[in-house]
Amino acid sequence: MNFIELTNMSHVYHDGTENAHTAVDHIDLTIKEGEFLAILGTNGSGKSTLAKHFNAILLPTEGHCRVAGMDTADEAHLWDIRQQVGMVFQNPDNQIIAAVVEDDVAFGPENLGVPPEKIRQRVAESLAAVGMEHYRKFAPHLLSGGQKQRIAIAGALAMHTKCLVLDEPTAMLDPSGRRDVLHTVRQLHEKVGITVVYITHFMEEAAAADRILVMEQGKIVDDGTPAEIFRQVAVMKKRGLDVPLAAEVAWRLRQQGVRLPERILTDEDLVMALCR
Ligand SMILES: Nc1ncnc2c1ncn2[C@@H]1O[C@H](COP(=O)(O)OP(=O)(O)OP(=O)(O)O)[C@@H](O)[C@H]1O
Ligand SMILES: [Mg+2]
Numbered sequence: 001m002n003f004i005e006l007t008n009m010s011h012v013y014h015d016g017t018e019n020a021h022t023a024v025d026h027i028d029l030t031i032k033e034g035e036f037l038a039i040l041g042t043n044g045s046g047k048s049t050l051a052k053h054f055n056a057i058l059l060p061t062e063g064h065c066r067v068a069g070m071d072t073a074d075e076a077h078l079w080d081i082r083q084q085v086g087m088v089f090q091n092p093d094n095q096i097i098a099a100v101v102e103d104d105v106a107f108g109p110e111n112l113g114v115p116p117e118k119i120r121q122r123v124a125e126s127l128a129a130v131g132m133e134h135y136r137k138f139a140p141h142l143l144s145g146g147q148k149q150r151i152a153i154a155g156a157l158a159m160h161t162k163c164l165v166l167d168e169p170t171a172m173l174d175p176s177g178r179r180d181v182l183h184t185v186r187q188l189h190e191k192v193g194i195t196v197v198y199i200t201h202f203m204e205e206a207a208a209a210d211r212i213l214v215m216e217q218g219k220i221v222d223d224g225t226p227a228e229i230f231r232q233v234a235v236m237k238k239r240g241l242d243v244p245l246a247a248e249v250a251w252r253l254r255q256q257g258v259r260l261p262e263r264i265l266t267d268e269d270l271v272m273a274l275c276r
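Heads up: the sequence shown is residues 1 to 276, going by the numbering used here.
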């Protein structure tokens, strides 16, 4: 089933003025329920603008965006859409509001009017799902960036969100925080079946998705599996993007006549292929 459907959707900032700027340019896109989609693209290609349509932070200036069958431009659906699609942004310090972790995670369901008993249960489940159950009573400012991002994810889960949209959630994290956040997202995708839209500049993270979109100047210029996208090393470089190191090494080796399997995305894939 399709969870998000965009038809001929554009977003023009300052539409109708002399400063008009087309950030998303006539996009058609469907994202299936349960899919893990990564979005790549150079700075300013329109990734964040696109993603902000998925929970109606922005509305199309042309075309339509439907979430779970609801048109985001229909105000009657706003809260339903916001509940179904949770956003996680880059800066871990801008997303946590309460002074205690469990209060922060409870904030969303409280606003939804969920009864206190059920809230406690949701908070416990959500913290467990991101591996942060032992930090329930902690003050958020004592947590690492990666832990804060996992709390932000738990906050979305507590709303019983069906889809997580993460806009460069690891950009401000160290390598271990990055690994933890990506691992958490993967687990939620695999075990809970959450739909994931994951914007990143880290190619190794995009390689963990089922499907990758590549954006350029507000348009989708490529759409395929990580293996398909990262096989075209020269094309990606021309777009100003990288590929995972292992994919690049494999590409160079193939050019030297070394025969290697098609799908090499991670260091482990490469080591396995070379040892064979
Ligand atoms: N609020 C705004 N008002 C006017 N123009 C904007 C606004 N936000 C973004 N833009 C412009 O729209 C285009 C797309 O921006 P967007 O933030 O969606 O790109 P992005 O792919 O997320 O980039 P980055 O990788 O730097 O986060 C850019 O040219 C940007 O300058
Ligand atoms: Mg952005």
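Ideal Cβ positions, reconstructed from N, Cα and C, are used throughout, including at glycine. Source: prediction; values computed, not measured.
Following a CB-centred definition, is residue i positioned closer than 8 Å to any heavy atom of ligand 2?
i      : result
Ile199 : yes
Lys219 : no
Asp167 : yes
Lys47  : yes
Would you check if the distance between the CB atom of residue i and the CB atom of residue j is smaller than 9 Å?
i      : j      : result
Glu277 : Pro244 : The structure shown does not extend to residue 277, since the chain spans only 1 to 276, so no value can be given for it.
Arg7   : Gly63  : A small fix is needed here, since residue 7 is Thr in this sequence, not Arg. Cβ atoms of Thr7 and Gly63: closer than 9 Å.
Ile151 : Leu143 : yes
Gln149 : Gln95  : yes
Gly91  : Met172 : Correcting the residue type first, residue 91 is Asn in the shown sequence and not Gly. In this structure, Met172 lies closer than 9 Å to Asn91 by Cβ.
Buried or exposed, going by whether 16 or more other CB atoms sit within 10 Å of the CB of residue i?
i      : result
Arg280 : This structure gives no information on residue 280, because the portion of the chain shown stretches from 1 to 276.
Ser176 : exposed
Pro116 : exposed
Glu168 : buried
Thr161 : buried
Cys275 : exposed
Ala38  : buried
Gly146 : buried
Thr184 : buried
Glu262 : exposed
So does residue i have its beta carbon nearer than 8 Å to some heavy atom of ligand 1?
i      : result
Asn43  : yes
Leu23  : Before going further, note that residue 23 is Ala rather than Leu in the sequence given. Correct: Ala23 has its Cβ closer than 8 Å to ligand 1.
His189 : no
Met215 : yes
Pro13  : Note on identity: in this sequence residue 13 is Tyr, with Pro being the wrong assignment. Yes, the beta carbon of Tyr13 sits closer than 8 Å to at least one heavy atom of ligand 1.
Leu6   : no
Leu265 : no
Leu50  : yes
How close, in whole Å, do the beta carbons of residue i and residue j come, if the pair is a contact with beta carbons under 8 Å?
i      : j      : result
Phe3   : Thr195 : 5 Å
Ser126 : Ala99  : At roughly 18 Å, the Cβ-Cβ gap does not stay under 8 Å, so Ser126 and Ala99 are not in contact.
Gln83  : Leu112 : 7 Å
*May I ask you to verify whether the stretch 52-64 touches the stretch 84-99, counting CB pairs closer than 8 Å and requiring at least 3?*
Below 8 Å, enough C-beta pairs join the stretch 52-64 and the stretch 84-99 to call them touching: three or more.
*the stretch 224-240 / the stretch 68-81 touching (three or more Cβ pairs under 8 Å)*: They do not touch, by the three-pair rule.
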